[in-house]
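Residue numbers (the working numbering), protein chains in the order written: chain A, 125 to 418; chain B, 15 to 537. Comments concern the structure below.
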Amino acid sequence: MLEDVAASASTGAFPTQGQRLWRALRQLYAQSPSAFGTTVFMLFLLIALLGPWFAPYGSNQQIVADARQAPTAVHWFGTDNLGRDVFSRVVLGARDILSLAGLGTLVAVALGTSLGLISGYLGRFFDEALMRFFDSLLAMPALLLALLLLGTLGPSRNSVLMVIVVVYTPIVARVVRSVVLTVKSKAFVEAARVQGESLAAILFREILPSTLPALAVEASLRFSYAIFLVASLGFLGVGVQPPSPDWGLMVKEARSYVDQAPWALYFPAGAIALAVIGVNLMSDGLKRVLQAEG
Amino acid sequence: MNRLSTRLVVRTLGLSLLTAAFLLSACGGAASPVPSQPPAGTGAPAASMSGGTLNVAVKAIVNVDPAQISADSEILVANAVYDYLVDVDANNKIQPRLATDWTVSDDGLTYTFNLTHDASFHDGTPLTAKDVVYTFNRLRDPDLGFATVDLYSNISDIQADGDYSVVFTLKTTNPFFLFDLSDNHALVVKDGTTDFTDFNGSGPFTVVSYTPEDRIEMDASSGYFQSGSPKLAHLNIVFFQDTSAAVDALRSGDVDAVFGLSAPQYKSLQAEAGVQTYLTSTNAFPVVRLRADQPPGDDPRVIKAMRMAIDRQAIFDLVQQGLGAIGRDTPIGPMYQDFYAEDIPLPQHDVAGAKKLLADAGYPNGLDLTLRVPDAQNFPDLAAVLKSQLAEAGFNVEISVEPENVYYGNNGWLEAPFGITGWGSRPYPQFYMDVMLTCGAKWNESHFCDQEFDRQAEIAGTSLDPAAQAAAYHEIQKILIERGPIIVPFFFPQLAATTDQVQDFNLKPFFGRTDFRTVTVSQ
């Protein structure tokens with residue numbers, strides 16, 4: 125069934141991209157969990173895009189007299205121990221975490237897809253070597269691997285990006301490879317090979333479309349875990365450096381004075397939880413939609 | 015329920031659990047406080063004050079050899095098991111301990127100590143002069159190489175004069191020699207001891223059991239040389255790796271005393287019933303320093319611009335919540351009383367002036383700096399506040415928070431161009447001069463070198479005339495405020511809390527030196 129979708133997509137017999145997107149969106153909203161997830165995700169995306177225009181204060185603007193204030197009409201989420209507006213920091217932090225997690229996921233998906241396609245299609249020694257290498261990476265818990273890498277790279281935005289790529293590329297590659305293995309012996313791939321198409325054309329024009337449904341689900345899932353990973357690294361103090369309004373870092377900082385100003389902990393922690401759950405519910409919806417299409 | 019939605023539920027549940035775990039771990043000690051038990055009897059403590067068990071929460075100890083201890087918790091244990099020759103009280107004054115009295119020769123080079131006749135080690139052996147001689151010879155032996163070798167390098171000879179008298183001879187005068195004899199490591203051990211795992215001290219408590227990383231249980235020593243002391247029957251040192259966990263244990267009544275609180279912990283405990291909080295001023299401080307031997311710090315105008323850019327009161331209120339003392343960019347804090355000079359004017363808080371000074375120093379378009387910060391105490395907070403204050407004057411500070419072992423490891427901190435370092439409290443200020451600020455000093459992290467400063471430090475460190483000494487320290491503060499390489503934004507207080515049942519608890523600047531001999535716990 126998958127190859128039918130792919131085949132028809134490549135011939136363009138189906139509705140246009142715009143129409144398909146619209147229909148997918150409608151189907152996402154057909155069930156309440158995915159509707160919720162999609163709405164949350166869109167909301168966070170909006171906040172990330174427009175944050176700087178509606179955050180009432182700067183992320184590192186310190187108002188001495190207002191330190192550790194409970195939520196009020198002026199400071200919706202209260203203030204932290206340095207007199208910074210928690211609402212502004214959560215809003216401004218959205219761009220940081222979503223862009224970092226998004227970019228990292230994007231690179232991991234691109235790299236993982238390419239490697240998965242090549243590895244699955246070529247098979248033999250290359251496949252064997254790459255997969256065993258990836259197995260060894262996957263054998264380590266993601267967070268441990270991340271800490272190991274950050275220990276050598278030193279904490280910075282780019283290191284965190286690198287960590288996401290290293291941790292998630294093998295997972296994406298494995299998913300893509302498994303699809304490739306079922307597809308590569310099908311008639312249309314055989315036909316392309318007989319016609320003498322180049323390797324790149326076979327991989328990306330013939331096989332890639334078949335992997336897209338699985339890839340879309342995997343990518344959105346990776347994205348939600350990437351948010352979690354960025355936040356965890358921030359919480360452990362090895363990720364984005366202060367005074368960035370990184371949600372994980374905010375939780376770490378707020379932990380030391382939680383008795384005095386719990387709101388400074390709850391709001392960024394809530395934002396992390398909401399973003400992760402939202403993206404996850406959306407990715408489940410996406411899976412349902414894509415399977416229905418198939 | 016179909017397969018898909020079952021999986022959906024399972025996945026969502028899993029994720030919720032994960033996030034919940036994250037939140038929980040984040041909250042750490044934040045779990046709702048268990049109300050501590052109301053104090054037994056609100057009025058005067060019960061008549062039978064002696065006896066009772068005190069459970070103290072500190073970080074786990076590693077070293078048990080007094081010559082090698084360094085953490086507060088290790089010193090706290092050693093201070094209960096062993097005795098010092100002389101002690102320093104909570105007001106930073108020398109008090110007798112094993113030495114009942116002493117005389118100093120007119121030239122200030124010979125110190126004669128008379129020892130108590132009643133002290134004995136826990137194995138029953140009487141404590142005599144030869145034990146004191148062994149202890150200090152061990153501490154100053156270069157072949158053994160303990161941390162105290164430099165400290166005692168000025169001693170030329172130590173002799174026992176009979177069983178209960180010890181004579182120390184110095185090479186040069188040292189006005190702080192009694193403080194040096196009360197160094198944290200200078201606990202008197204039994205002659206010839208090399209294995210310290212049996213805790214054979216002469217101190218007020220004997221060790222009953224030691225479970226590494228868990229606890230040490232002690233009983234009052236029955237034969238302690240000071241009659242009526244200690245007042246407690248049992249002292250248990252319980253190990254916690256995390257202060258917030260220790261605070262929760264205090265709230266639930268599992269322990270009676272917690273040390274080393276952060277300002278937020280202190281403030282929230284202050285508001286709770288059944289808990290007593292303690293604050294003692296110390297001379298512990300963070301140093302923000304710019305290396306003076308390379309650009310941009312080789313131009314003193316740069317650090318002066320920083321001094322003008324920062325708002326000390328705001329830093330103190332935000333980072334310390336107003337606890338402790340505001341610093342004046344010298345390691346000589348208000349704790350040193352006569353040596354401390356508050357009348358020397360500091361540069362005024364003047365952002366525009368700072369900007370101009372920075373431009374004069376050759377940075378009209380601002381200056382980019384990376385501030386290296388060990389992830390300890392509230393240093394990251396301090397860095398965040400400094401960043402925003404310095405930004406107004408044109409400093410573009412990037413913060414790099416590092417684990418403590420990375421910052422201090424391989425002596426990297428001595429090379430960092432711009433960093434924050436924590437310095438502990440000492441009973442007298444000469445230590446900071448000798449190891450931190452004189453030319454080529456061991457831990458001269460700012461690479462500062464000033465002939466006049468060195469001359470004054472020499473006077474302060476050797477003069478036996480208190481007035482001359484104070485004058486030299488005042489001059490030193492003048493030099494540091496005028497052209498020194500460091501910013502000392504504030505001095506930390508030592509913060510602790512006990513349950514209401516604990517009485518006569520005197521917190522010392524160095525909490526490991528807190529004296530448990532006087533403490534009582536009403537049952």
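Glycine included, C-beta positions come from ideal geometry on N, C-alpha and C.
Around the Cβ of residue i, are there at least 16 other Cβ atoms within 10 angstroms (buried) or fewer (exposed)?
i	result
L322(A)	A small correction: the amino acid at residue 322(A) is Ser; Leu does not occupy that position in the sequence shown. Exposed, by the Cβ-count rule.
G43(B)	Here the model assigns G43(B) a pLDDT of 37, short of 50, so the residue's position is not dependable and the matter cannot be decided.
N184(A)	buried
L153(B)	buried
R147(A)	exposed
F201(A)	buried
P359(B)	exposed
G376(B)	exposed
A324(A)	exposed
D157(B)	exposed
A388(A)	buried
M166(A)	exposed
V222(B)	exposed
S216(B)	buried
V76(B)	exposed
K245(B)	buried
F250(A)	exposed
R333(A)	Strictly speaking, residue 333(A) in this sequence is Pro, with Arg absent from that position. That one is buried.
D256(B)	exposed
N425(B)	exposed
For residue i, go through chain A and note every residue whose CB falls closer than 8 Å to its CB, in chain order.
i	result
I413(B)	Q365, P366, P367
K401(B)	N184, P367
D395(B)	N205, L206, E377
S276(B)	S380, Y381
A328(B)	Q186, V188
Can you name the residues of chain A whose CB is closer than 9 Å to the CB of residue i?
i	result
A398(B)	N184, Q186, L206, R208, P366, P367, E377
L332(B)	Q186, V188, A191, N205, L206, G207
D155(B)	Residues of chain A passing the Cβ test: none, with the nearest at roughly 38 Å.
Residue i bridges to which residues according to DSSP?
i	result
G436(B)	P300(B)
E231(B)	S223(B), N250(B)
F191(B)	Paired residue(s): none; F191(B) is not in a bridge.
P388(B)	E416(B)
D101(B)	Q109(B)
P140(B)	S134(B)
Y292(B)	A510(B)
D125(B)	Contrary to the premise, residue 125(B) reads as Tyr rather than Asp in this sequence. According to DSSP, Y125(B) bridges with V118(B), F182(B).
Q173(B)	V181(B)
A71(B)	V252(B), V272(B)
So with CB distances below 9 Å, who are the chain B contacts of residue i?
i	result
D259(A)	Going along chain B, no residue has its Cβ under 9 Å from D259(A), so there is no contact; the nearest lies around 23 Å.
Could you name the residues of chain B that residue i contacts, counting a contact when the two beta carbons are closer than 7 Å?
i	result
D190(A)	Near D190(A) there are no residues of chain B at all, since even the closest Cβ is about 10 Å away, more than 7 Å.
G361(A)	D389, V415
Please list, in chain order, the chain B residues whose beta carbon lies closer than 8 Å to that of residue i.
i	result
S243(A)	Neighbours of S243(A) on chain B: none; closest Cβ ~27 Å, over 8 Å.
Determine the chain A residues that contact residue i at a beta-carbon separation under 7 Å, and present them in chain order.
i	result
K281(B)	Q384
Check whether the Cβ of residue i lies closer than 8 Å to any heavy atom of the ligand ATP, and answer yes or no.
i	result
G402(A)	Absence of the ligand ATP is noted for the structure shown, with no ligands found whatsoever.
Would you please verify whether the beta carbon of residue i is less than 9 Å from any beta carbon of chain C?
i	result
R213(A)	Absence of chain C from the displayed structure is noted, the protein chains being A and B.
| query | Is the segment 214 to 227 of chain A in contact with the segment 247 to 264 of chain A, if contact means three or more CB pairs nearer than 8 Å? | reply | Contact fails: fewer than three Cβ-Cβ distances are below 8 Å.
| message | List, from N- to C-terminal side, the alpha helix (DSSP H) runs of 4 residues or more that fit wholly inside the segment 175 to 256 of chain A. | response | Those alpha helix (DSSP H) runs which fall completely within the segment 175 to 256 of chain A and span 4+ residues are 210 to 246.
| request: Inspect the CB distances between the segment 376 to 396 of chain A and the segment 291 to 309 of chain A and report whether three or more fall short of 8 Å. | output: The segment 376 to 396 of chain A is not in contact with the segment 291 to 309 of chain A.
| At what residue ranges does the segment 465 to 520 of chain B contain a whole run of the beta strand (DSSP E), taking only runs of 3 or more? | Runs of the beta strand (DSSP E) inside the segment 465 to 520 of chain B: 507 to 513.
| field | Three CB pairs or more closer than 8 Å across the segment 452 to 463 of chain B and the segment 290 to 305 of chain B | value | Output reads yes: the segment 290 to 305 of chain B touches the segment 452 to 463 of chain B.
| said: I'd like to know if the segment 389 to 396 of chain A and the segment 366 to 376 of chain A are in contact, where contact means that at least 3 CB-CB pairs between them fall below 8 Å. | reply: Taking a cut-off of 8 Å on C-beta distances, the segment 389 to 396 of chain A touches the segment 366 to 376 of chain A, as three or more cross pairs fall below it.
| Is the segment 308 to 315 of chain B touching the segment 404 to 414 of chain B in the sense that three or more CB pairs, one from each, lie closer than 8 Å? | These segments do not touch.
| field | Within the segment 355 to 380 of chain A, ranges of the alpha helix (DSSP H) (whole runs, at least 4 residues) | value | For the segment 355 to 380 of chain A, the full-length alpha helix (DSSP H) segments reaching 4 residues or more read 371 to 379 along the chain.
| Do the segment 267 to 274 of chain B and the segment 181 to 197 of chain A touch if we need at least three Cβ pairs shorter than 8 Å? | The segment 267 to 274 of chain B, when compared against the segment 181 to 197 of chain A, does not touch it at the 8 Å Cβ threshold.
| Are the segment 323 to 335 of chain B and the segment 478 to 492 of chain B touching, with three or more C-beta to C-beta distances below 8 Å? | The segment 323 to 335 of chain B, when compared against the segment 478 to 492 of chain B, does not touch it at the 8 Å Cβ threshold.
| Which full runs of the alpha helix (DSSP H) of 4+ residues lie inside the segment 306 to 342 of chain B, going along the chain? | At a cut-off of 4 residues, the continuous stretches assigned as alpha helix (DSSP H) that sit fully inside the segment 306 to 342 of chain B are 314 to 323, 326 to 333.
| request: Evaluate contact between the segment 116 to 130 of chain B and the segment 176 to 196 of chain B, counting only Cβ atoms and requiring at least three cross-stretch pairs below 8 Å. | output: They touch, by the three-pair rule.
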